[in-house]
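Number of protein chains: 2
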Amino acid sequence: MIKIAIDAMGADNGVYPIVEGVREALKNKDFFAYLVGDSEQISEALKQNKSSRIEIVHCQDFIRMEEQASAAAKRKESSIYVAMEMCKEKKADALISAGHSGATMSLATLRLGRINGVSRPAICTMMPTISERPSLVLDVGANTDCKPEFLVDFALMGYEYAKSVLGYPNPRVGLLSNGEEDTKGNELVKETFKILKDYDFFKGNVEGNDIFNASVDVVVCDGYTGNIALKVSEGVASSVSYLLKKEIKKSYFSMLMASLLKGAFSSLKQKMDYAEYGGAPLLGINGNVIISHGKSNARAIECAIYQAIRTIESDVSNKIQNAMKKRLS
Amino acid sequence: MIKIAIDAMGADNGVYPIVEGVREALKNKDFFAYLVGDSEQISEALKQNKSSRIEIVHCQDFIRMEEQASAAAKRKESSIYVAMEMCKEKKADALISAGHSGATMSLATLRLGRINGVSRPAICTMMPTISERPSLVLDVGANTDCKPEFLVDFALMGYEYAKSVLGYPNPRVGLLSNGEEDTKGNELVKETFKILKDYDFFKGNVEGNDIFNASVDVVVCDGYTGNIALKVSEGVASSVSYLLKKEIKKSYFSMLMASLLKGAFSSLKQKMDYAEYGGAPLLGINGNVIISHGKSNARAIECAIYQAIRTIESDVSNKIQNAMKKRLS
Numbered sequence: 084m085i086k087i088a089i090d091a092m093g094a095d096n097g098v099y100p101i102v103e104g105v106r107e108a109l110k111n112k113d114f115f116a117y118l119v120g121d122s123e124q125i126s127e128a129l130k131q132n133k134s135s136r137i138e139i140v141h142c143q144d145f146i147r148m149e150e151q152a153s154a155a156a157k158r159k160e161s162s163i164y165v166a167m168e169m170c171k172e173k174k175a176d177a178l179i180s181a182g183h184s185g186a187t188m189s190l191a192t193l194r195l196g197r198i199n200g201v202s203r204p205a206i207c208t209m210m211p212t213i214s215e216r217p218s219l220v221l222d223v224g225a226n227t228d229c230k231p232e233f234l235v236d237f238a239l240m241g242y243e244y245a246k247s248v249l250g251y252p253n254p255r256v257g258l259l260s261n262g263e264e265d266t267k268g269n270e271l272v273k274e275t276f277k278i279l280k281d282y283d284f285f286k287g288n289v290e291g292n293d294i295f296n297a298s299v300d301v302v303v304c305d306g307y308t309g310n311i312a313l314k315v316s317e318g319v320a321s322s323v324s325y326l327l328k329k330e331i332k333k334s335y336f337s338m339l340m341a342s343l344l345k346g347a348f349s350s351l352k353q354k355m356d357y358a359e360y361g362g363a364p365l366l367g368i369n370g371n372v373i374i375s376h377g378k379s380n381a382r383a384i385e386c387a388i389y390q391a392i393r394t395i396e397s398d399v400s401n402k403i404q405n406a407m408k409k410r411l412s
Numbered sequence: 084m085i086k087i088a089i090d091a092m093g094a095d096n097g098v099y100p101i102v103e104g105v106r107e108a109l110k111n112k113d114f115f116a117y118l119v120g121d122s123e124q125i126s127e128a129l130k131q132n133k134s135s136r137i138e139i140v141h142c143q144d145f146i147r148m149e150e151q152a153s154a155a156a157k158r159k160e161s162s163i164y165v166a167m168e169m170c171k172e173k174k175a176d177a178l179i180s181a182g183h184s185g186a187t188m189s190l191a192t193l194r195l196g197r198i199n200g201v202s203r204p205a206i207c208t209m210m211p212t213i214s215e216r217p218s219l220v221l222d223v224g225a226n227t228d229c230k231p232e233f234l235v236d237f238a239l240m241g242y243e244y245a246k247s248v249l250g251y252p253n254p255r256v257g258l259l260s261n262g263e264e265d266t267k268g269n270e271l272v273k274e275t276f277k278i279l280k281d282y283d284f285f286k287g288n289v290e291g292n293d294i295f296n297a298s299v300d301v302v303v304c305d306g307y308t309g310n311i312a313l314k315v316s317e318g319v320a321s322s323v324s325y326l327l328k329k330e331i332k333k334s335y336f337s338m339l340m341a342s343l344l345k346g347a348f349s350s351l352k353q354k355m356d357y358a359e360y361g362g363a364p365l366l367g368i369n370g371n372v373i374i375s376h377g378k379s380n381a382r383a384i385e386c387a388i389y390q391a392i393r394t395i396e397s398d399v400s401n402k403i404q405n406a407m408k409k410r411l412s
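Top to bottom, those sequences are chains A and B.
Be aware that the first sequence starts at 84, since it is given in this note's numbering, and climbs by one per residue.
Be aware that the second sequence starts at 84, since it is given in this note's numbering, and climbs by one per residue.
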């Protein structure tokens, strides 16, 4: 049976949404969950409903959001450290954390190690598009300053993830730039373009709006830019929703009409909701690590678990390893 | 009377929207318009309706979107070159162009010159927020690779523009980063933070979503990142609208309900519509230059004219000059 270590600590809304998400996922999928963290808090959240497929792994310590990521390496009693060791020792097949993402990332690199040939691991996120298929954007935060070879690795890893985990037949990869022309971009993009143009999957430079119009499947950028793109898209979606609600609330009539349109609004909301996309896999390490949003609700954790299962079953880590070997040879 | 030189050439939809926008603006504001470009095309678009406050300035040449920006410097017969010279010789108080933005920018720097003390001019764009006041983002494309001192200049110029042209009493300036903490950012952001923290108007690092939630008035970033932020926000807004329409079209009932909500939708649309925000001023040069979207419709050109008038009347160019002098002394 698939075994998943879930860091129950350090998320913005405490252990409850984590525990609830695990419980929901257990109803639909056959896996074993290690809930790693403060046993008292976890037991309290579980109440009487403890499944036989849940085991609590007690830890007294955890990394708080405001702490430095580098602190994690020395905190061997922290929930994320303990969960990472379970992955390293193959007691768990995957790890999910909605806690300190920097700590998760640095511990994953340190304890599980990078895949041979990968210059830097990258956080890969899924974004809604106007088509049925979400697009992938990487890196969205692991590496704020990049070299061209990092971005080339991101392109290869994103391609493998789109193919193996998402099942896209021939993933198309684009390089995020300030214009579609080959000559556009900052120095990093221009240098990366020169290398990527020799790969068949590479479709050239793409612009910010191309993330959402399904013109490519994978969008590659440095982690600083990826984080900005992610947060801008969250910001626009939430302000559109806020402004529309405000307009509608101006009259009882429009409130009534809007309530009759509930179906359309909620299916749009579902499509735009980060929770439905689970978490962001950390690609390029020897293991399966999913980084969830600090604000994750139960549904987001549930989806992150499904994503972890798909990631394990598709063996993407090995596929990235093979892709890297092939390139190196 | 205020005189504005309008480059009628090189926009995506030809001269018609430009001419139409000028005509609409003339109904509401007292100014004189020089329409610079092919006299035959402009006359055709004007038909019988030529106002006494319009003069056509004929040019045979113009810079096409696919040409290199550097070509503009040698094309003295091109519409943008001629319009720029009119600004230089004070025949016109401001210039508006929806043509090749790189050409406009490089010619403005070359022919009008940078304000003393400004390291690089920046394109400054207005973005909708959940409050009544739009926020300013700069740079959105002029400078793809920046040094910390460029970003500090952008902060100063954005502050002056928000104060003088938009009338914001105490503009708050934020630095775009991948986290709010002082330590977040790529190398450029971290170095810029160290300098900006000594300015009273500086409110620290902000994230992508802060552009829309009115937590600051001015958001500073390099031109590559600013362009990505701009295009991502356009992409999200248009895909939300596309997806909602698609959902609504699934049934006649919801189509009917939605049509009864038309008022709410159109006032949201107006708020999110780039056309309402006119164009993007090029800050840091000796003159008033407004860069409009290549896809500008007549309303966008009309609003760009109002913005040009506000920019002239507020004397922002001189105010930036004074701010720079003050800093240098």
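We put the beta carbon where it would ideally sit given N, CA and C, even for glycine.
Remember, predicted model here, so these are calculated numbers, not experimental data.
Asked: Assigned secondary structure, TYR251/B (DSSP; H/G/I helix, E/B strand, else coil); Found: coil
Asked: For GLN57/A, the nearest candidate out of ASN261/A, GLU103/A, ILE206/A and VAL315/A (CA to CA); Found: Nothing can be reported for residue 57/A, as the shown portion of chain A is limited to 84 through 412.
Asked: Candidates ILE87/B, ILE373/B, ALA155/B and ILE331/B, of which the one nearest MET169/B by Cα; Found: ILE87/B
Asked: Length of the line joining the Cα atoms of GLN390/B and SER322/A; Found: 25 angstroms
Asked: Cβ neighbours of ASP176/A in the same chain (closer than 6 angstroms, five flanking residues each side left out); Found: ILE85, LYS86 and ILE395
Asked: Neighbour flag for VAL315/B against chain A, beta carbons, 8 angstroms; Found: yes
Asked: Continuous alpha helix (DSSP H) assignments of at least 4 residues falling wholly in the segment 277-328 of chain B; Found: none
Asked: Partner residues on chain A for ALA312/B, Cβ-Cβ distance less than 8 angstroms; Found: GLY291, ILE311, ALA312 and VAL315
Asked: Contacts around THR227/B, its chain only, beta-carbon distance under 6 angstroms, and the 5 residues preceding and following it disregarded; Found: GLY306 and TYR307
Asked: Proximity below 8 angstroms, CB of SER260/B to CB of VAL248/B; Found: no
Asked: Neighbourhood of ASP144/B by C-beta, 6 angstroms cutoff - its chain only, sequence neighbours within 5 removed; Found: ARG158, GLU160 and SER161
Asked: Where the beta strand (DSSP E) through SER189/A begins and ends; Found: Where SER189/A is concerned, there is no enclosing beta strand (DSSP E), although the alpha helix (DSSP H) it sits in stretches over 184-190.
Asked: Environment of SER334/A [buried if 16+ CB atoms lie within 10 Å]; Found: exposed
Asked: Inter-residue Cα distance where the pair is MET210/A and GLY309/A; Found: 11 angstroms
Asked: Every unbroken alpha helix (DSSP H) inside the segment 144-231 of chain B [4 residues or more]; Found: 162-171 and 184-190
Asked: Residue range of the unbroken beta strand (DSSP E) whose run includes LYS86/B; Found: 85-90
Asked: Secondary structure of GLU264/A, DSSP reduced to three states; Found: coil
Asked: Opposing strand residues paired with LEU118/B [DSSP bridges]; Found: ILE89/B and ILE139/B
Asked: Cβ pair LYS408/A, GLY200/A closer than 8 angstroms; Found: yes
Asked: Simplified DSSP assignment, three categories, for LEU372/B; Found: Rather than Leu, the amino acid found at residue 372/B in this sequence is Val. Reduced to three states, the DSSP call for VAL372/B is strand.
Asked: Residues that LYS354/B contacts on chain A, provided the C-beta gap is smaller than 7 angstroms; Found: LEU326
Asked: Those residues which DSSP pairs with GLY257/A across a bridge; Found: VAL302/A
Asked: Buried/exposed call for ASP265/A, threshold 16 Cβ in 10 Å; Found: exposed
Asked: Distance CB(ASN288/B)-CB(GLY318/A) smaller than 8 angstroms; Found: no
Asked: Contact with chain B by ALA341/A, beta-carbon distance below 8 angstroms; Found: yes
Asked: Cutoff 8 angstroms: VAL323/B Cβ touching any chain A Cβ; Found: yes
Asked: Extent of the continuous alpha helix (DSSP H) to which LEU109/B belongs; Found: 99-111
Asked: Check whether VAL303/A and LEU366/A have beta carbons under 8 angstroms apart; Found: no
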